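The opening residue of the sequence shown carries number 1 in the UniProt record's numbering; numbering runs sequentially from there. Beta carbons are placed, not taken as given, at the ideal position from N, Cα and C, and that holds for glycine. Note that the coordinates shown come from a computational prediction; the quantities given were computed from them, not determined experimentally.
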Amino acid sequence: MELLEKSTLYVVATPLGNLADISQRALTVLAQADWIAAEDTRHSQKLLTHFGINNRLISLHNYNERARIEMLQTRLALGEVGAIISDAGTPLISDPGYHLVNALRQAGLQVRPVPGPSAMIAALSVSGIATDRFYFEGFLPAKSAKRLTRLKELSQVEATLVFYEAPHRLIACLEDLSLAMGPERLVCVAREMTKQYEEFLKGTLAEVQDYFAQQPDKVRGELVLVVDGAQASQTDDQAWQTLVMAMLTQQVSVKTVAEVVAEHYQLPKKTVYQWAQSAKNQMD
């Protein structure tokens, strides 16, 4: 049996839904720790009860985390062993705990991982979208205007994008993704992972948006969106098109714009000229 280190906080991953996914090491730590910090103590109590673990739960959520730090840090400094869990998956990934872990690190106390389930990694692994480079955004802003602004900022990232989203915002989020990145961008929506109604839907943003719009009963449960990253050509186009717009704003002629930009970016002059003329017509 593993002997836990004194004055150490263990960051313990718990199942996303299927309780069989918990590790033996996680069970050992949760049983032997002096206390367990949990995002929702009522939810976590059900998990512990299922595995016959009777341990002290301390609530640690977004609204009380900073206030709990001193007390938990003192307990650990006195030699206690603590554990932290979230409602599901790996703690601190769009969940409380960062401020506590950061404070413990600064105080020179030990923090150890007990790896296991992660919704982000699980969704990526089965999405069929590139996993060699990815950017995890977590939850997007709830308000559409702020969400759209953020998505436009992310639209040129040349890496797979991963988002968490609430069911009641899924359709609106897919609409904003289409506006910011184009309706043909690929996406895989993962919902209810490891649970009875687990589903993965991959297609273009337009296709997936239409699917959920026609089947609103499917818009439920925990959701992860894995979105294909921008292609290099997309970011290159963005660069020269931005220069074209800047020059047109300065009243430079379309002919001159085409000559300068085509030479600078090694592009066909006709391509640049046609795009610049179209942009100028929209400005007039």
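- Query: Shortest alpha-carbon distance to Ala190 belongs to which of Val12, Pro96, Leu223?
  - Reply: One-based indexing of the sequence shown puts residue 190 at position 190. That would be Leu223, whose Cα lies nearest to the Cα of Ala190.
- Message: Once DSSP output is grouped into helix, strand and coil, what is the label at Ser7?
- Response: Residue mapping note: residue 7 aligns to position 7 of the sequence shown, counting from 1. DSSP, reduced to helix, strand and coil, places Ser7 outside both helices and strands of the structure shown, so it counts as coil.
- Message: Measuring straight from C-alpha to C-alpha, what distance separates Ser253 and Pro115?
- Response: For the purposes of this step, residue 253 is identified with residue 253 of the sequence shown, where counting begins at 1. For the purposes of this step, residue 115 is identified with residue 115 of the sequence shown, where counting begins at 1. Distance between Ser253 and Pro115, taken at the CA atoms: about 60 Å.
- Own chain, CB closer than 8 Å to Ala230, minus 5 neighbours either side, in chain order: Your numbering for residue 230 matches position 230 in the sequence shown. So the qualifying residues of the chain are Ser155, Gln156, Val157, Glu158, Met181.
- Could you give the distance in angstroms between the alpha-carbon of Asn102 and the alpha-carbon of Gln110? Position 102 of the sequence shown, counting from 1, holds the residue named residue 102. Position 110 of the sequence shown, counting from 1, holds the residue named residue 110. If you take the alpha carbons of Asn102 and Gln110, they lie about 11 Å apart.
- Item | Residue range of the unbroken beta strand (DSSP E) whose run includes Gln110 | The sequence position of residue 110 within the sequence shown is 110, counting from 1. Segment 110-114, the beta strand (DSSP E) holding Gln110.
- Classify Glu199 as helix, strand or coil using the three-state DSSP reduction. Stepping through the sequence shown from its first residue, residue 199 is reached at position 199. Correct three-state label for Glu199: strand.
- Message: Please give the ranges of any alpha helix (DSSP H) in the segment 61-123, keeping only runs that are unbroken, at least 4 residues long and fully inside the region.
- Response: The qualifying runs are 65-77, 98-106.
- Message: Using the Cβ count rule (16 or more neighbours within 10 Å means buried), how would you classify Asp132?
- Response: Position 132 of the sequence shown, counted from the first residue, corresponds to residue 132. Per the 10 Å Cβ criterion, exposed.
- Message: If the criterion is Cβ atoms closer than 7 Å, does the pair Thr14 and Arg112 meet it?
- Response: Start at 1 with the first residue of the sequence shown, and residue 14 comes out as number 14. Start at 1 with the first residue of the sequence shown, and residue 112 comes out as number 112. Not closer than 7 Å, so no.
- Any contact of the segment 132-152 with the segment 28-40, i.e. 3+ C-beta pairs under 8 Å? Contact between the segment 132-152 and the segment 28-40 is absent, because fewer than three Cβ pairs lie under 8 Å.
- Query: When DSSP builds the beta bridges, which residues end up paired with Cys188?
  - Reply: By one-based count along the sequence shown, residue 188 stands at place 188. According to DSSP, Cys188 bridges with Lys202, Val226.
- Message: Buried or exposed for Glu5, going by 16 or more other Cβ atoms inside 10 Å?
- Response: What you label residue 5 is simply residue 5 of the sequence shown in a count that begins at 1. Flag for Glu5 reads exposed.
- Take Asp95 and list the residues in its own chain whose beta-carbon comes closer than 7 Å to its own, dropping the five residues that flank it on each side. Sequence index remark: in the sequence shown, residue 95 carries index 95 (1-based). Once the five neighbours on either side are set aside, the close Cβ partners of Asp95 are Glu39, Ser86.
- Separation of Val12 from His43, as counted between CA atoms: Looking up residue 43 in the sequence shown gives position 43. Looking up residue 12 in the sequence shown gives position 12. Distance between the alpha carbons of His43 and Val12: 15 Å.
- Confirm, please, whether the CB-CB distance from Glu192 to Gly221 is below 7 Å. As a working note, residue 221 is residue 221 in the sequence shown. As a working note, residue 192 is residue 192 in the sequence shown. Yes, they are a contact pair.
- Item | Whole runs of the beta strand (DSSP E) within the segment 135-177, excluding any shorter than 3 residues | If you keep only unbroken beta strand (DSSP E) runs of at least 3 residues inside the segment 135-177, you get 160-165.
- Message: Could you pull the DSSP bridge partners for Thr14 from this structure?
- Response: Walking along the sequence shown from the start, residue 14 turns up at place 14. According to the DSSP secondary-structure assignment, Thr14 is paired through a beta bridge with Gly89.
- What separation, rounded to the nearest whole angstrom, lies between the Cα atoms of Ala122 and Ala172? For this step, residue 122 is matched to residue 122 along the sequence shown. For this step, residue 172 is matched to residue 172 along the sequence shown. When the Cα atoms are used, Ala122 and Ala172 turn out to be separated by approximately 24 Å.
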